[in-house]
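Structure first, commentary second.
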Amino acid sequence: MPTEPITRRVAFIFPIYNEEENIDLLHKTVDEVTAPLAGKYDFSFLYVDDGSRDGSLAKLTELSARDERVTVVELSRNFGHQMAVTAGLDLVDADAVVIMDSDMQDPPRVALELIEKWEEGYDVVYAQRRSRQDSAFKKLTAGGFYWFLRKMAAVDIPKNTGDFRLIDRKVVDELRKYRERDRFLRGLVSYIGFKQTAVLFDRDKRHAGVTGYPLRKMLRFAADGILGFSVTPLRMITRMGYLISFLSFVGILYVGGVKLFAPETAVPGWAFLGIAMFFLGGIQIIMLGVLGSYIGRTYSQVQNRPLYGVASVRTGPGAPLEAREGAEAGRGSR
């Protein structure tokens, strides 16, 4: 007797921070895009509210009341984009997970291409930007960051990629084992391995609102990517020391030569010494800063605090299913 094929479950994770104006359009678009495949896949949608200060949580609560496939995770405060995605990955239960931003820059239609590649046997399908409608400054800094990251990182992190990707259940299970605080998820996914491939897409403009990644946060995020996957900055300190020592030796030879062979050309003064002292002082401070960055990351990690706190989880009619601030700690100890 033939058996009916088992419907595979695909979950979408959306980190939400002050996206009140985007939520309705986002869900409507994703619902329309996935509707033709509703008979083949069991779709669910997990929205993680990362301490939004606008009406995002109220919008999400209304959404969960209208659509039983929607689950809303309310974090106890703002923990950042990477922690919000981590919370979703910890709580999701599906055969595959699609991670998308909620500002409509990641076109929901691309998710169908990710699913197609997943069906071909790939465990990770990442969306790689073919073009992006951002400012010239954003494009320039992003290009420089990915070039620098590929030169420095110990793992191959594909350029022009964000967190927009599909990952298989077994990859999600592996990601749950990695509990570092300064998270760079796209780097972790590359580090874990498995069978990965890319889908090219053209990134759209933000539909509404402002970016949650101003320059300050972008610089910190870039530092997480570099320091989390490379010890090259530490090695560069040693190389800089060798270089300065070599320059100092050359300077000694030069001064000695002038004194011996052309003493009349020697000009007394402290300008050269002053410049040299300031130069060496600046190099030392930079070196201490690099060491401090690694030490600070180590200090945060050994505190072993939960990565985030969950205030409530809403599903179905929108009533709180459970309220458990700090519930993530239990998962982190697995």
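Counting with UniProt numbering, you get residues 1 to 334 for the letters of the sequence shown. Don't be surprised by glycine CBs; every beta carbon is placed ideally from N, CA and C. Just so it is clear, the structure is predicted and the values come from calculations on it, not from any experiment.
- Ala38 is classed as exposed because its beta carbon has fewer than 16 other beta carbons within 10 Å across all chains shown.
- If you ignore the 5 residues before and after Thr7, its C-beta comes within less than 6 Å of the C-beta of Asp42, all in its own chain and listed in chain order.
- Taking a cut-off of 8 Å for Cβ pairs, the segment 173-186 and the segment 100-109 do not touch, as fewer than three such pairs fall below it.
- Inclusion of Ala87 and Val73 in the CB contact set at 8 Å is warranted, their separation being smaller than that value.
- The secondary-structure analysis by DSSP pairs Pro15 across a beta bridge with Val48.
- Counting the other Cβ atoms within 10 Å of the Cβ of Glu19 gives 16 or more, which makes it buried.
- Residue pairing of Tyr41 in beta bridges, as defined by DSSP: Arg8.
- Comparing alpha-carbon positions, the option among Arg77, Arg129, Leu91, Glu62 lying closest to Tyr308 turns out to be Arg77.
- Around the beta carbon of Ile295, a 10 Å sphere encloses fewer than 16 other beta carbons of the protein chains shown; the residue is thus reported as exposed.
- Boundaries cannot be given for Gln105, as no alpha helix (DSSP H) includes it and DSSP labels it neither H nor E.
- Remark: fewer than three beta-carbon pairs, one from each stretch, lie closer than 8 Å, so the segment 44-60 and the segment 106-116 are not flagged as touching.
- By a beta-carbon distance limit of 8 Å, Thr315 does not contact Ser52. Their separation comes to about 18 Å.
- Just measuring C-alpha positions, the residue of Phe12, Gly121, Leu114 sitting nearest Gln128 is Leu114.
- Secondary structure note for Gly88: its alpha helix (DSSP H) is the uninterrupted segment 81-91.
- Apart from sequence neighbours up to five positions away, the residues of its chain that approach Ile23 with a beta-carbon distance below 6 Å are Lys59, ordered along the chain.
- For Leu188, the enclosing alpha helix (DSSP H) begins and ends at 185-192.
- Around the C-beta of Thr34, 16 or more other C-beta atoms lie within 10 Å, and the residue is accordingly described as buried.
- Ala311 carries a strand assignment under DSSP once its states are collapsed to helix, strand and coil.
- Asp168: member of the beta strand (DSSP E) spanning 161-168, first to last residue.
- Just so you know, the alpha carbons of Gly193 and Val125 end up roughly 12 Å apart.
- In the DSSP assignment, Asp31 falls within the unbroken alpha helix (DSSP H) covering 23-34.
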